[in-house]
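Residue numbers (the numbering used here), protein chains in the order written: chain F, 42 to 456; chain U, 42 to 456.
By construction, the Cβ of each residue, glycine as well, lies at the ideal position given by its N, Cα and C atoms.
Worksheet: the structure to be examined is printed underneath.
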């Protein structure tokens, strides 16, 4: 039995979008008022921040000042990098980074990512070269990257999928070999480690998101980490229109400043970031232990020595073995009050904004297509109880037991 | 006697830039700790907003939600437009607006403006066609606009210089005649009127800034006003990456969301906006009355029936008649503890970021060059006393009396 729920999903999503506007929380599920959300912003208690807010209002200095600098210093120490530059969003950070590096021609990027990753290239007049990812880690496949380098390529843009660091060593080798810039969309990656080392200092720079769905949030915001002094100076200039201070702009920047109110939010949250990551690792260990025996369920792999920040916890749902596909499971979990998310879908090269790329990449990104049909992100949020994880795992097990009777295969949108 | 202070200005500016980062308050003067600033953020008292902030932290919904919508509704009512779309900055707003209108080729824009006006065109891959402005109103000159329309032109981008509305009727006629889009960078213009009508609904859309130096601030932020339902929908989608709600982006947007903390700041400030504008009109009337008799000082003209929001109060300093030029006067006022600002200088076509345009526009924008050598913005801020205006006017008069003895002509940077 196949049920087409795509229309009603779309309708409900749009209705919800109109209602609350847009952060990338799974809207469908929130509207259905589930008892278990997929995500929940981690913000400090108001009383812990009230005094500083009061001082801020009295001082009248409300953007890109003392608290932004304090927050940057804390992030520099946390990541072990020379420079952290706070910006208004991760998207803004990537746009400014690409502009500051004077990238030209084409940039290699995975299609299995959040659309903003690729949008930043378009804003910079760059051509995305989509490559496939690894079915185990979901990260960009270094072999594919190397295969796609050509004369026009100026950079590689790696992505931390759900907080999992990509294969830094191999990507750095390729970048060195072909004299390419290497940058990272680490939107999900704050707190991740690569081979025991905190991420932030890889490539020319890495950009983290501080949006509400992230482990550390400043309301809206992002932060660029780099060890390159020159680049840091350009980025600081770039977030202020490219103005070096005398209003004779050196290059075309934008307004990427972070308000002080936002910086304070991040500053208060960073203290408990490590605790939050460890808590998530623990909850994921329960998830894995409980779901390991379930036929047709496997996990995003984190390589030995690496640490995933688990901005999202992703499973792979094998339709034939489990009895339904990722969308089917999402639907049935939703009926039981459990939010989940088919993420990232559609992959960027199949999105309407990229319709010019569809034909070129048809059938050329098999792992990306596979992940779109199999990945499901399960709830993982601040303050989540172990018992909630057990409850979700029990639900998945019982769905499987019943699911084999009625295979729910949600048709993917035709392109 | 000519004194070159350009180097020390630059050094001090850069030092200050490093210290507090960047909003477009005149840094030089703040560092010199003047008794009279040129500008001062107008923010509500903390106690008036504390309860809402507390509720916001409890709710956990911290971006683009209830308060953003409330703020938008208030702005819609204030401007008398169908749609107000809050965004992260005026720059973001213009970038999204140009993208949403699918502009192509070239866009006609004044060079006498803040650099971000033109930056937004570059981010959209558009070619700026710089035109000259009127020496009286400082606004883009409609005759020059019409003269510069060619087959490649897709839009006119008008600017509210210091809060003064441009010649809407003539610009609308030209846009109609040549089938061009007409949009406005109204960064300084919230509260302005054109022929007795509140601005906001002219052209396809107008974009206002809510940055700290503006009459109404949300910390950082901007708002797009339009009467076009379709465009409004695209803009709302655009500020959320172009995502209609199903993550299948319809076009290349960006993260232009406004945090709830920022929206609340704006919401509290809008109540007293009219009062602030009227207060500024009154202070400007004192300035004009006191400086009218001073030889060599004239004013930016506001046409009959129009209202300037007076984000800045600008005078023209005639070097030969006054005894020194605008930079000289700025320097001497600074020594007396009075901030002022040579604004906008350099004009955009002379900035390093636009070096490709310098040769083409050399000597072709005489009024723009003239304004760069003559305009000086004097202090005008929230809570400014009449006595302060009188004090500044007295200082200018006494400077003139002494100034004729030593003509201070600050050399402009060589290009």
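{"Query": "Are the CB atoms of residue 161/U and residue 135/U within a distance shorter than 7 Å?", "Result": "yes"}
{"Query": "Check residue 73/F in the structure and name its three-state DSSP category.", "Result": "For residue 73/F, the pLDDT reaches just 43, beneath the cut-off of 50, and the residue's location in the model is therefore unreliable, leaving the point undetermined."}
{"Query": "Buried or exposed for residue 64/U, please, with buried defined as at least 16 other CB atoms from any protein chain shown within 10 angstroms of its CB.", "Result": "Residue placement at residue 64/U is flagged as unreliable, the pLDDT there being 42, under the threshold of 50; the coordinate-derived value follows with that caveat. Residue 64/U comes out buried."}
{"Query": "Report the residue from 396/F, 355/F, 435/F, 409/F whose alpha carbon sits nearest the alpha carbon of residue 80/F.", "Result": "355/F"}
{"Query": "Per DSSP, residue 229/F forms a beta bridge with which residues?", "Result": "The partner list for residue 229/F (beta bridge, DSSP) is empty, contrary to what the question assumes."}
{"Query": "Determine the extent of the beta strand (DSSP E) in which residue 125/F is found, giving its start and end residues.", "Result": "124 to 128"}
{"Query": "Taking 7 Å as the threshold (C-beta atoms), are residue 434/F and residue 331/F in contact?", "Result": "yes"}
{"Query": "Answer with yes or no whether the minimum CB distance from residue 335/U to chain F is below 7 Å.", "Result": "no"}
{"Query": "Between 245/U, 291/U, 253/U, which lies nearest to residue 270/U when the distance is taken from Cα to Cα?", "Result": "245/U"}
{"Query": "For residue 199/U, I'd like the list of residues in its chain whose CB is within less than 6 Å of its CB, leaving aside the five on either flank, ordered along the chain.", "Result": "181, 207, 212, 225"}
{"Query": "Closest to residue 85/F by C-alpha separation, out of 372/F, 306/F, 417/F, would be which residue?", "Result": "306/F"}
{"Query": "What residue does the alpha helix (DSSP H) around residue 310/F start on, and which one ends it?", "Result": "301 to 311"}
{"Query": "Under 8 Å between beta-carbons, which chain U residues line up against residue 390/F? List them in chain order, please.", "Result": "Residues of chain U passing the Cβ test: none, with the nearest at roughly 12 Å."}
{"Query": "Cα separation between residue 277/U and residue 123/U?", "Result": "14 Å"}
{"Query": "For residue 121/U and residue 343/U, what's the separation of their Cα atoms in angstroms?", "Result": "22 Å"}
{"Query": "Run through chain F and tell me which residues come within less than 7 Å of residue 25/U, C-beta to C-beta.", "Result": "It is not possible to answer for residue 25/U, since the shown part of chain U is limited to 42 through 456."}
{"Query": "Considering only residues of the same chain and omitting the five flanking positions on each side of residue 348/U, which have a CB-CB separation below 7 Å?", "Result": "233, 234"}
{"Query": "Consider the Cβ of residue 438/U: report whether some Cβ of chain F lies at a distance smaller than 7 Å.", "Result": "no"}
{"Query": "So, helix, strand or coil for residue 186/U, using DSSP?", "Result": "helix"}
{"Query": "Rounded to whole angstroms, what's the CA-CA distance from residue 251/U to residue 107/F? Just pull it up for me.", "Result": "20 Å"}
{"Query": "Since residue 147/F sits in a beta bridge, which residues does DSSP pair it with?", "Result": "168/F, 194/F"}
{"Query": "Going by DSSP, what residues sit across from residue 357/U in a beta bridge?", "Result": "339/U, 416/U"}
{"Query": "Which partner residues of residue 235/U appear in the DSSP bridge assignment?", "Result": "238/U"}
{"Query": "Might you give, ordered along the chain, the residues of its own chain that have their beta carbon closer than 8 Å to the beta carbon of residue 94/F, omitting 5 neighbours on each side?", "Result": "302, 305"}
{"Query": "Can you have a look at residue 88/U and say buried or exposed, based on whether 16 or more other CB atoms are within 10 angstroms of its CB?", "Result": "exposed"}
{"Query": "Could you check whether residue 149/F and residue 189/F sit closer than 7 Å to each other, using their CB atoms as the reference points?", "Result": "yes"}
{"Query": "On the three-state DSSP scale, how would you describe residue 290/F?", "Result": "coil"}
{"Query": "If residue 215/F sits next to residue 248/F, beta carbons under 8 Å apart, how far is it from one beta carbon to the other, in whole angstroms?", "Result": "The pair is not a contact, with the Cβ atoms about 20 Å apart (cut-off 8 Å)."}
{"Query": "Give a yes or no on whether 7 Å exceeds the smallest Cβ distance from residue 393/F to chain B.", "Result": "Considering every chain present, this structure includes no chain B. Its protein chains are F and U."}
{"Query": "Closest to residue 314/F by C-alpha separation, out of 231/F, 389/F, 243/F, 376/F, would be which residue?", "Result": "231/F"}
{"Query": "By the three-class DSSP mapping on this structure, what secondary structure does residue 316/F have?", "Result": "helix"}
{"Query": "Return the residue from the list 117/U, 99/U, 415/U, 173/U that minimises the CA-CA distance to residue 404/U.", "Result": "173/U"}
{"Query": "Name the chain U residues whose beta carbon is nearer than 8 Å to that of residue 160/F?", "Result": "282, 283, 290, 293, 294, 295"}
{"Query": "Just confirm the distance between the C-beta atoms of residue 147/U and residue 406/U, as a whole number of angstroms; I'd bet it's less than 8 Å.", "Result": "Not really, about 16 Å apart at Cβ, beyond 8 Å."}
{"Query": "Quick one: what does DSSP say residue 322/F is sitting in, helix, strand or coil?", "Result": "helix"}
{"Query": "So, helix, strand or coil for residue 222/U, using DSSP?", "Result": "strand"}
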